[in-house]
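Student:
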Ligand code: IMP
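Numbering (the working numbering), first residue to last: 1 to 203.
1) Give me the residue from 100, 119, 118 with the minimum Cα distance to residue 110.
2) From this set, 166, 102, 122, 175, which residue's C-alpha is nearest residue 63's C-alpha?
3) Taking only three categories from DSSP, how would you classify residue 21?
4) Is residue 74 near the ligand IMP, going by C-beta to nearest heavy atom under 7 Å?
5) Taking all protein chains shown into account, decide if residue 89 is buried (16 or more other Cβ within 10 angstroms of its Cβ) or exposed.
6) From what residue to what residue does the alpha helix (DSSP H) around residue 92 run?
7) Beta carbon of residue 164: closer than 7 Å to some heavy atom of the ligand IMP?
8) Out of 166, 151, 143, point me to the one whose CA is closest to residue 112's CA.
9) Residue 80 and residue 130 look like a contact to me (Cβ under 8 Å); what is the Cβ gap, rounded to whole Å?
10) Checking 8 Å against the spacing of the C-beta atoms, do residue 65 and residue 124 come in under that value?
11) Would you mind giving the Cβ-Cβ distance between residue 57 and residue 67, rounded to the nearest angstrom? I have them listed as a contact below 8 Å.
12) How about residue 91: is its Cβ closer than 7 Å to a heavy atom in the ligand IMP?
13) Quick one: give me the first and last residue of the alpha helix (DSSP H) that residue 51 is part of.
14) With burial defined as no fewer than 16 other Cβ atoms inside 10 Å of the residue's Cβ, what is the status of residue 120: buried or exposed?
15) Does the count of Cβ pairs from the region 92 to 108 and the region 162 to 182 closer than 8 Å reach three?
16) Quick one: what does DSSP say residue 190 is sitting in, helix, strand or coil?
17) Who pairs with residue 7 in a beta bridge, going by DSSP?
18) With a threshold of 7 Å, establish whether the CB of residue 150 neighbours any heavy atom of the ligand IMP.
19) Roughly how many angstroms lie between the CA atoms of residue 128 and residue 41, to the nearest whole one?
20) DSSP beta-bridge partners for residue 28?
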């Protein structure tokens, strides 16, 4: 069994990864490391993800173990990508209702979730790699569903009619997080793992 350490204080993300691993039937043990350093926000998800990883690595790295961190958020097209890298702050301040107010009477409701995932490709050389996953969809007019976290109650994935918060199984089959995680596993374990690492929806 392979071991992966996820560096994050976000329980919603952790639950997503646990469900993704279960759903993909992977022989992977996911462990959780709380970040020690304060989170800084850079102008891209990729830079922030890399910072989260490198500033929170334990002094001694375990052999044969993958360390990863992620930065993610919601980008709304009619708001020119807002809240983007500020998704966490915006949710804590104006919240879902604040976002819905900004979208009032807006016809173009398209949006995407982005997940940038930074991991150590070679722990010995501290060589990092960043992969990204995208989930396209639109912003509903009201929050629906109680599952998931963050913006899940207002995000409907393209081609479906339920929010992520109404159908967590659907979310974890096609989400930005699922796609980025698959990319990481494919980079690290392709040919070395019996598990089939594929996504049911778009790459
Ligand atoms: P950060 O990656 O810690 O900066 O946090 C990103 C923020 O974006 C989270 O706190 C959520 O508010 C939001 N977010 C990221 N991924 C998701 C998701 O899968 N569903 C809902 N909200 C998300």
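Note that beta-carbon positions come from the ideal geometry of N, C-alpha and C, so glycine has one too.
Tutor: Concretely, from the data shown:
1) For the purposes of this step, residue 110 is taken as residue 110 along the chain shown, with counting starting at 1. Closest by alpha carbon: 100.
2) Mapped onto the chain shown, residue 63 falls at position 63. When only C-alpha atoms are compared, the closest one is 122.
3) Here the question's residue 21 lines up with position 21 in the chain shown. Three-state result, residue 21: helix.
4) If you number the chain shown from 1, residue 74 lands on position 74. Flag set: Cβ of residue 74 near the ligand IMP.
5) Indexing the chain shown from 1 puts residue 89 at position 89. Counting Cβ neighbours within 10 Å, residue 89 comes out exposed, since fewer than 16 surround it.
6) As a working mapping, residue 92 is identified with position 92 in the chain shown. That run of the alpha helix (DSSP H) goes 87 to 93.
7) For the purposes of this step, residue 164 is taken as residue 164 along the chain shown, with counting starting at 1. For the ligand IMP, at least one heavy atom lies less than 7 Å from the Cβ of residue 164.
8) Position 112 of the chain shown, counted from the first residue, corresponds to residue 112. Comparing Cα-Cα distances from residue 112 to each of 166, 151, 143, the minimum goes to 151.
9) Along the chain shown, read from residue 1 onward, the residue named residue 80 stands at position 80. Along the chain shown, read from residue 1 onward, the residue named residue 130 stands at position 130. Not quite, the Cβ-Cβ distance comes to about 23 Å (not below 8 Å), so this is no contact.
10) Translated into the one-based positions of the chain shown, residue 65 becomes position 65. Translated into the one-based positions of the chain shown, residue 124 becomes position 124. Taking 8 Å as the cut-off, the Cβ atoms of residue 65 and residue 124 do not count as close.
11) Here residue 57 corresponds to residue number 57 of the chain shown, with the count starting at 1. Here residue 67 corresponds to residue number 67 of the chain shown, with the count starting at 1. At roughly 6 Å, the Cβ-Cβ gap stays under 8 Å, so residue 57 and residue 67 are in contact.
12) As a working mapping, residue 91 is identified with position 91 in the chain shown. A heavy atom of the ligand IMP is found nearer than 7 Å to the CB of residue 91.
13) Position 51 of the chain shown, counting from 1, holds the residue named residue 51. It spans 45 to 54 - the alpha helix (DSSP H) in which residue 51 sits, taken as one unbroken run.
14) Within the chain shown, numbered from 1, the residue matching residue 120 stands at position 120. Buried: at least 16 other Cβ atoms inside 10 Å.
15) no
16) Numbered from its first residue, the chain shown carries residue 190 at position 190. The answer is coil: DSSP assigns residue 190 none of H, G, I, E or B.
17) Here residue 7 refers to the residue found at position 7 of the chain shown. Residue 7 pairs with 33.
18) Stepping through the chain shown from its first residue, residue 150 is reached at position 150. Yes, since a heavy atom of the ligand IMP falls inside the 7 Å radius drawn around the Cβ of residue 150.
19) Position 128 of the chain shown, counted from the start, is the residue given in the question as residue 128. Position 41 of the chain shown, counted from the start, is the residue given in the question as residue 41. One C-alpha to the other measures close to 19 Å.
20) In the chain shown, residue 28 corresponds to position 28, counting from 1. 2, per the DSSP bridge assignment.
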